[in-house]
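> Protein chains in written order, with our numbering: chain U, 1 to 210; chain Y, 1001 to 1210.
Quick reminder that beta carbons are idealized off the backbone N, C-alpha and C, glycines included.
Protein chains: 2
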Amino acid sequence: MKTLKIPEATIIRLSVYSRFLAQAERRGIITISSGEIAGGVGVSSAQVRKDLAYFGEFGTRGVGYNVAELYHHIMKILGLTTEWSVVIVGAGKLGSALAMYGGFRDRGFRIRAIFDNDPAKIGEKLEDLEIQTTENLESVLAKSPAEIGVITVPADVAQEVSDKLVAAGIKAILNFAPQVLSVPEDIVFRNVDLSVNLEILTFNLGLPRR
Amino acid sequence: MKTLKIPEATIIRLSVYSRFLAQAERRGIITISSGEIAGGVGVSSAQVRKDLAYFGEFGTRGVGYNVAELYHHIMKILGLTTEWSVVIVGAGKLGSALAMYGGFRDRGFRIRAIFDNDPAKIGEKLEDLEIQTTENLESVLAKSPAEIGVITVPADVAQEVSDKLVAAGIKAILNFAPQVLSVPEDIVFRNVDLSVNLEILTFNLGLPRR
DNA sequence: GACTGTGAAGCCATTCACAGCT
DNA sequence: AGCTGTGAATGGCTTCACAGTC
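Listed below in structure tokens is the structure:
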């Protein structure tokens, strides 16, 4: 079982499994089978076992998996046993919401700073986070490095912001701007396009026979 | 070219192509080749042609595609030549941000109502949208139907909200709650998990050799 | 000569089915 | 007997390569 080439779909499912296992643990369940996990999250049991097999052997034949143990293994695989520092660029509606979104904090992500280039917004407080000018980006990151940068600026300045984040030494970027960005090979990069999600719905609504 | 079984990845790319074509049209470009589209959005030219081939023949051999025409075809395929009515349930940070997110309006999505069950929030205004109690959900949708419901409530009430939306006659649901939901077969359904996106980054940050 | 449309080949992910433990 | 781990079979998406058209 080589560590090479793990499908992204597997990673997404691992994240779902981890939440299901957390729930199960809270309910006091000690042992769980691949079939029970599968039923709980809506995939096949073979899929669950294959996904886990990429990373090792975590179960006991004839018995199943220890819930707490498997949970911890998965969190470790996902890199969630340590805290991650995140900065957000773009303090519009979306950026501000993400800055205070509890779902990130719950999984160990710490929002360290939020930047914007609108002078009217500088100094504004989002809970205990103060919106700073984008000009400070490099100096702030030099003083307190962050691994992850989130881009929530309009499409036309997204590439510029991305370049700034890279120059400031960020290691990974999550881009919410509906804009194709080019980043160096060694930067971990991912696009999230909220509109696309609605568009997949409307495409399917247009399909015949449902 | 049967209409059957179009890969979801194709739909996502069509959405990206459409934005690229809109940009091209604004720049006054009349004709474009699959290779130029491919270069602009970071896929192969064969991929672009295959994606389009699912839906018909839009190009001219030896020439390429007419930008305006292809753009319109794709928007039609995606179901974006009509307006869609959207309601949001959950007026927390994320729900409020989505309610006012310009990226949706730009693509023809109209947010018609936003609901919450926190009495403190009822009556609050988000621009020209007033937060309503979730109890009104069914009556509001009865009076002015909407096709799409967006769920941005905490995980533990997401299933309940989903059931309410279904009962109120919604046709499609976009779920932002980190919770596996069960919905009837005939409802178009899609999950968006913002945390998962960060977790894919941290998984990749943990990988050796980069 | 340039570029589309598409069958065939290649590649990757999922499902099947069963050997191997407990 | 029950359930994991996994090679083999299947199915689906992407890439290749070229015939067809302008």
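Checking 9 Å against the spacing of the C-beta atoms, do A177(U) and I200(U) come in under that value?
Taking the first residue of the first sequence as 1, we reach residue 177(U) at position 177. Taking the first residue of the first sequence as 1, we reach residue 200(U) at position 200. No. Outside cutoff.
> Does E83(U) pass the burial test, meaning 16 or more other C-beta atoms within 10 Å, or should it be called exposed?
For this step, residue 83(U) is matched to residue 83 along the first sequence. Answer is exposed; the Cβ neighbour count stays below 16.
> Cutting at 6 Å between CB atoms, please list the residues of its own chain near M1001(Y), excluding the five before and the five after it.
Position 1 of the second sequence, counted from the start, is the residue given in the question as residue 1001(Y). In this prediction, M1001(Y) scores a pLDDT of 39, lower than 50, which makes its location untrustworthy; no coordinate-derived value is stated.
> Are the CB atoms of G59(U) and Y65(U) within a distance shorter than 9 Å?
In the first sequence, residue 65(U) corresponds to position 65, counting from 1. In the first sequence, residue 59(U) corresponds to position 59, counting from 1. Yes; because the gap between Cβ atoms is below 9 Å, this pair is in contact.
> With distances taken Cα to Cα, identify the nearest neighbour of A91(U) among I114(U), P119(U) and A46(U).
Against the first sequence, residue 91(U) aligns to sequence position 91. Minimum Cα distance to A91(U) is reached at I114(U).
> Within 9 Å (strictly less), CB to CB, does E25(U) reach chain Y?
Taking the first sequence and counting its residues from 1, the one referred to as residue 25(U) is at position 25. No, E25(U) lies away from the interface with chain Y (no Cβ there is under 9 Å from its Cβ).
> In chain order, what residues of the region 1093 to 1112 of chain Y put their CB closer than 9 Å to some CB of chain U?
Of all residues in the region 1093 to 1112 of chain Y, K1093, L1094, G1095, S1096, A1097, L1098, A1099, M1100, Y1101, G1102, G1103, F1104, D1106, R1107, G1108 and F1109 have a Cβ within less than 9 Å of some Cβ in chain U.
> Give the residues from the region 1035 to 1048 of chain Y that approach chain U closer than 9 Å (Cβ to any Cβ), ordered along the chain.
Residues G1040, V1041 and G1042.
> Extract the residue ranges of the alpha helix (DSSP H) inside the region 39 to 127 of chain U, only unbroken runs of 4 or more that lie entirely within it.
Here the runs fully enclosed are 45 to 53, 67 to 77, 93 to 100 and 102 to 105.
> Alpha carbons only, please: which of K76(U), E185(U) and L181(U) is nearest the one belonging to G1042(Y)?
The residue you call residue 1042(Y) lines up with position 42 of the second sequence. It is L181(U).
> Per DSSP, what kind of secondary structure is K5(U) in: helix, strand or coil?
Taking the first residue of the first sequence as 1, we reach residue 5(U) at position 5. It is coil, neither helix nor strand.
> Anything in chain Y within Cβ reach of L80(U), meaning under 7 Å, just list it in chain order.
What you label residue 80(U) is simply residue 80 of the first sequence in a count that begins at 1. Within chain Y, the residues near L80(U) are E1199 and T1202.
> Can you list, in chain order, the residues of its chain with a C-beta nearer than 8 Å to that of Q1179(Y)? Leave out the 5 residues immediately preceding and following it.
Locating residue 1179(Y) in the second sequence gives position 179, counting from the first residue. The residues are A1155, D1156, A1158 and Q1159.
> Just mark K171(U) as buried or exposed, buried being the case when its beta carbon has 16 or more other beta carbons within 10 Å.
As a working mapping, residue 171(U) is identified with position 171 in the first sequence. Buried, because 16 or more other Cβ atoms sit within 10 Å of the Cβ of K171(U).
> Please list the partners that P178(U) has in chain Y, where partner means a Cβ-to-Cβ separation under 8 Å.
For the purposes of this step, residue 178(U) is taken as residue 178 along the first sequence, with counting starting at 1. The contacting residues are R1019 and G1103.
> Could you work out which residues of chain U lie near V1192(Y), taking near to mean beta carbons separated by less than 9 Å?
Counted from its first residue, the second sequence places residue 1192(Y) at position 192. The answer, in chain order, is V192, L194 and N197.
> Rounded C-beta distance between G1169(Y) and P1145(Y)? I'm assuming under 8 Å.
For the purposes of this step, residue 1169(Y) is taken as the residue at position 169 of the second sequence. For the purposes of this step, residue 1145(Y) is taken as the residue at position 145 of the second sequence. The Cβ separation is near 6 Å, so the contact holds.
> Using a Cβ-Cβ cut-off of less than 9 Å, list which residues of the region 146 to 175 of chain U approach chain Y; keep chain order.
So the close ones are E147, I148, V150, P154, A155, K171, A172, I173 and L174.
> Let me check understanding here. Comparing Cα to Cα, which of I1037(Y), A1009(Y), I1077(Y) and S1162(Y) lies closest to V1087(Y)?
Residue 1087(Y) sits at position 87 when you count from the first residue of the second sequence. Out of I1037(Y), A1009(Y), I1077(Y) and S1162(Y), S1162(Y) has the C-alpha closest to the C-alpha of V1087(Y).
> Sorted by chain position, which residues of the same chain lie with C-beta nearer than 8 Å to S1044(Y)'s C-beta, five sequence neighbours on each side aside?
What you label residue 1044(Y) is simply residue 44 of the second sequence in a count that begins at 1. Excluding sequence neighbours, S1044(Y) sits near A1038.
> Let me know the secondary structure DSSP gives V196(U) once reduced to three states.
One-based indexing of the first sequence puts residue 196(U) at position 196. V196(U) falls in the helix class under three-state DSSP.
> So is S18(U) buried or exposed if we call it buried at 16+ other beta carbons inside 10 Å?
Indexing the first sequence from 1 puts residue 18(U) at position 18. It is buried - the Cβ of S18(U) has at least 16 other Cβ atoms within 10 Å.
> Answer yes or no: do I1129(Y) and I1111(Y) have a C-beta to C-beta separation smaller than 9 Å?
Stepping through the second sequence from its first residue, residue 1129(Y) is reached at position 129. Stepping through the second sequence from its first residue, residue 1111(Y) is reached at position 111. According to the sequence as given, residue 1129(Y) is Leu; it is not Ile. Yes, the pair counts as a contact, with Cβ atoms nearer than the cut-off.
> Does the distance from the C-beta atom of L14(U) to that of T1202(Y) stay below 9 Å?
The residue you call residue 14(U) lines up with position 14 of the first sequence. The residue you call residue 1202(Y) lines up with position 202 of the second sequence. Their beta carbons are not under 9 Å apart, which means L14(U) does not touch T1202(Y) by this criterion.
> With 9 Å set as the bound, which would you pick, yes or no: does the beta-carbon of V87(U) sit closer than that to a beta-carbon of chain Y?
Here residue 87(U) corresponds to residue number 87 of the first sequence, with the count starting at 1. Chain Y, which has no Cβ nearer than 9 Å to the Cβ of V87(U), makes this no.
> For a test of the three-state rule: what should DSSP assign to Q179(U), helix, strand or coil?
Translated into positions along the first sequence, residue 179(U) becomes position 179. Of the three classes helix, strand and coil, the one that applies to Q179(U) here is coil, per DSSP.
> Return helix, strand or coil for E1147(Y), following the three-state DSSP convention.
Position 147 of the second sequence, counted from the first residue, corresponds to residue 1147(Y). Looking at E1147(Y) - three-state DSSP - the assignment turns out to be coil, as it is neither helix nor strand.
> For N175(U) versus V192(U), is the C-beta distance shorter than 9 Å?
As a working note, residue 175(U) is residue 175 in the first sequence. As a working note, residue 192(U) is residue 192 in the first sequence. The answer is yes: Cβ separation under 9 Å.
> Who are L1174(Y)'s beta bridge partners in DSSP?
To locate residue 1174(Y), count along the second sequence from 1; it is residue 174. The partner list for L1174(Y) (beta bridge, DSSP) reads V1150(Y) and R1190(Y).
> What does DSSP give as the partner residue(s) for L129(U) in the beta ladder?
Residue 129(U) sits at position 129 when you count from the first residue of the first sequence. Its beta-bridge partners are L126(U).
> Name the chain U residues whose beta carbon is nearer than 7 Å to that of G1206(Y)?
Start at 1 with the first residue of the second sequence, and residue 1206(Y) comes out as number 206. Those are G79, listed as they occur along chain U.
> Which residue wins for smallest C-alpha separation from S1085(Y), given the options L1205(Y), L1141(Y), E1008(Y) and S1195(Y)?
For the purposes of this step, residue 1085(Y) is taken as the residue at position 85 of the second sequence. The shortest Cα separation from S1085(Y) among L1205(Y), L1141(Y), E1008(Y) and S1195(Y) belongs to L1141(Y).
> Have a look at the DSSP bridge pairing and note the partners of T31(U).
Residue numbering aside, residue 31(U) sits at position 31 when the first sequence is read from its first letter. DSSP, once it has assigned bridges, lists N66(U) as partnering T31(U).
> Just verifying my parser: in three-state terms, what is the DSSP assignment at N1204(Y)?
Within the second sequence, residue 1204(Y) is the residue found at index 204, counting from 1. Correct three-state label for N1204(Y): helix.
> Just verifying my parser: in three-state terms, what is the DSSP assignment at A1168(Y)?
Here residue 1168(Y) corresponds to residue number 168 of the second sequence, with the count starting at 1. In the structure shown, A1168(Y) sits in coil (DSSP, three-state: anything other than H, G, I, E or B).
> How would you list, in chain order, the residues of chain U whose beta-carbon sits under 8 Å from the beta-carbon of S1139(Y)?
If you number the second sequence from 1, residue 1139(Y) lands on position 139. The premise fails here: S1139(Y) is roughly 24 Å from chain U at the closest Cβ pair, so nothing lies under 8 Å.
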